[in-house]
Amino acid sequence: MLTINVAVLLAVIIVVRLRRRTEARSRNDEKLTVLIVLVFGILVAPTGFGQGVLDVVGQLASGINDAGR
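Numbering (numbering that gives the first Met the number 0), first residue to last: 0 to 68.
Listed below in structure tokens is the structure:
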């Protein structure tokens, strides 16, 4: 039996949707893409990968904040 991780499936859908030209997207299409990305973020956030991304973004924001002082 083949199992597909929902987060991986959403990542593939996001890549396919974002490869389309901007002019070809309607307002509802853009809203659906944002909703898919939000669900993907919620699914990935509690994983080790999500925590690693959070740490990297936090360090980057801290570095930018310190550089501005």
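Where is the CB? At the ideal position from N, CA and C, for every residue including glycine. Here the structure is a predicted model, which is why all the values come from computation and not from measurement.
For Ile35, the CB contacts under 8 Å within the same chain, skipping 5 residues up- and downstream, are Leu9, Ile12, Ile13 and Arg16 in chain order. Straight-line measurement puts the Cα of Gly67 at about 34 Å from the Cα of Lys30. Taking the Cα of Val5 as reference, the smallest distance to any Cα among Leu59, Asp28, Gly57 and Val43 is reached at Val43. Counting along the chain, the unbroken alpha helix (DSSP H) around Thr32 starts and ends at Arg26 to Val43.
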